[in-house]
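Residue numbers (this note's numbering), protein chains in the order written: chain A, 1 to 203; chain B, 204 to 303. In this text, a Cβ means the ideal position worked out from N, Cα and C, and glycines have one as well.
Following this line, the structure appears as structure tokens:
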């Protein structure tokens, strides 16, 4: 008598027709999108309610933000190239594109920290406004951008693990694709954080 | 993902350039010193457009089965719309501020 040992043989095919890891990443992305959404709504709530709001960003900060956006967008493109390379070409090519993506992520984080250091140097803190207005600006800005920066740093570390595993043959192209999905999500969030946190607070 | 229907890398570079162009438009609008409400509406529309392009092409939802889109996005948007319950109280505070 034939014995079925593979559980998958007894299960219906997924209606999503995608890898389990990728579907799990989509579930994570939905929950994370709601988290960022809640942060941005709270920012809007506080901003409407505050009598005077801080607008600390001049042209140099906005240009810095544009460079950060360009770096993050470029890293999304290099991530796409890494996924393509993992699906069709060699490990060396995949590692090259993953390495460039990590480097761009690190540059983004460095530029972000530079902006933080400038603001802290001017006296902005989580609960302090050096101009004497509403203190909520610092709380909103450092919380939202800090959460995003945490995602970028986590993404760089995750990509390093995926690259190592892919190199050693433990991971395949689906792992690279799943990591890429996360990376594009980080880019997507920035597309809302930049206009709402930087451009709406420019003077 | 059905790889045979995906775009060439050069097309993705074009999408990236297009997204950056939208960011430039956002910055130009910012320095036009528009009323806050107009600027916010414009920036949200442009960010929404950027987000849609990123989801469809960078996150490649366009090449997945439609069930993924219909499972994920209406539910997420529903949650975000529910968060709008905050606005009446925010505008209450806004109006109290004007009366001071």
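Assign residue 28 of chain A to one of three DSSP states: helix, strand, or coil.
The residue you call residue 28 of chain A lines up with position 28 of the first chain. Looking at residue 28 of chain A - three-state DSSP - the assignment turns out to be helix.
Can you grab the Cα-Cα spacing for the pair residue 95 of chain A / residue 282 of chain B, in whole Å?
Numbered from 1 along the first chain, position 95 holds the residue referred to as residue 95 of chain A. Numbered from 1 along the second chain, position 79 holds the residue referred to as residue 282 of chain B. It is roughly 38 Å from the alpha-carbon of residue 95 of chain A to the alpha-carbon of residue 282 of chain B.
Roughly how many angstroms separate the alpha carbons of residue 12 of chain A and residue 139 of chain A, rounded to a whole number?
For the purposes of this step, residue 12 of chain A is identified with residue 12 of the first chain, where counting begins at 1. For the purposes of this step, residue 139 of chain A is identified with residue 139 of the first chain, where counting begins at 1. CA-to-CA, the gap between residue 12 of chain A and residue 139 of chain A works out to about 48 Å.
With 16 other Cβ atoms within 10 Å as the buried cut-off, status of residue 180 of chain A:
Taking the first chain and counting its residues from 1, one reaches residue 180 of chain A at position 180. Buried, since its Cβ has 16 or more Cβ neighbours within 10 Å.
With 16 other CB atoms within 10 Å as the buried threshold, where does residue 273 of chain B fall?
Taking the second chain and counting its residues from 1, the one referred to as residue 273 of chain B is at position 70. Under this definition residue 273 of chain B is an exposed residue.
Answer yes or no: the CB of residue 187 of chain A versus the heavy atoms of the ligand NAD, is any distance below 7 Å?
For the ligand NAD, the structure offers nothing, since it holds no ligand at all.
Beta carbon proximity, residue 296 of chain B to chain A, threshold 8 Å:
Taking the second chain and counting its residues from 1, the one referred to as residue 296 of chain B is at position 93. Yes, residue 296 of chain B lies at the interface with chain A (some Cβ there is under 8 Å from its Cβ).
Assuming the contact rule is C-beta atoms closer than 8 Å, residue 224 of chain A and residue 50 of chain A should be a hit. Round their C-beta distance to whole Å, please.
This structure leaves residue 224 of chain A out entirely; chain A is present only between 1 and 203.
Suppose you measure from the CA of residue 188 of chain A to the CA of residue 230 of chain B; what does that come to, to the nearest Å?
Counting from 1 along the first chain, the entry for residue 188 of chain A is found at position 188. Counting from 1 along the second chain, the entry for residue 230 of chain B is found at position 27. Taking the straight line joining both Cα atoms gives about 18 Å.
Out of A:70, A:124, A:48 and A:76, which has the shortest C-alpha to C-alpha gap to residue 296 of chain B?
The residue you call residue 296 of chain B lines up with position 93 of the second chain. Ranking A:70, A:124, A:48 and A:76 by Cα distance to residue 296 of chain B puts A:48 first.
Please say whether residue 260 of chain B and residue 228 of chain B have beta carbons closer to each other than 8 Å?
Translated into the one-based positions of the second chain, residue 228 of chain B becomes position 25. Translated into the one-based positions of the second chain, residue 260 of chain B becomes position 57. Contact flag unset, no.
Note the first and the last residue of the continuous alpha helix (DSSP H) segment covering residue 270 of chain B.
Walking along the second chain from the start, residue 270 of chain B turns up at place 67. Where residue 270 of chain B is concerned, the enclosing alpha helix (DSSP H) stretches over 269-285.
Whole angstroms are fine: how far does the CA of residue 290 of chain B sit from the CA of residue 120 of chain A?
Translated into positions along the first chain, residue 120 of chain A becomes position 120. Translated into positions along the second chain, residue 290 of chain B becomes position 87. Straight across, the Cα-Cα distance linking residue 120 of chain A with residue 290 of chain B is about 30 Å.
Between residue 75 of chain A and residue 183 of chain A, is the Cβ-Cβ spacing less than 8 Å?
Within the first chain, residue 75 of chain A is the residue found at index 75, counting from 1. Within the first chain, residue 183 of chain A is the residue found at index 183, counting from 1. Contact flag set, yes.
Cβ neighbours of residue 186 of chain A in the same chain (closer than 8 Å, five flanking residues each side left out)
Residue 186 of chain A sits at position 186 when you count from the first residue of the first chain. Only 72, 148, 151, 152 and 155 meet the Cβ criterion.
Whole angstroms are fine: how far does the CA of residue 129 of chain A sit from the CA of residue 177 of chain A?
Stepping through the first chain from its first residue, residue 177 of chain A is reached at position 177. Stepping through the first chain from its first residue, residue 129 of chain A is reached at position 129. The straight-line gap from Cα to Cα measures roughly 43 Å.
Residues near residue 250 of chain B by beta carbon distance below 8 Å, same chain, minus five either side:
The residue given as residue 250 of chain B occupies position 47 in the second chain. These residues qualify, in order along the chain: 229.
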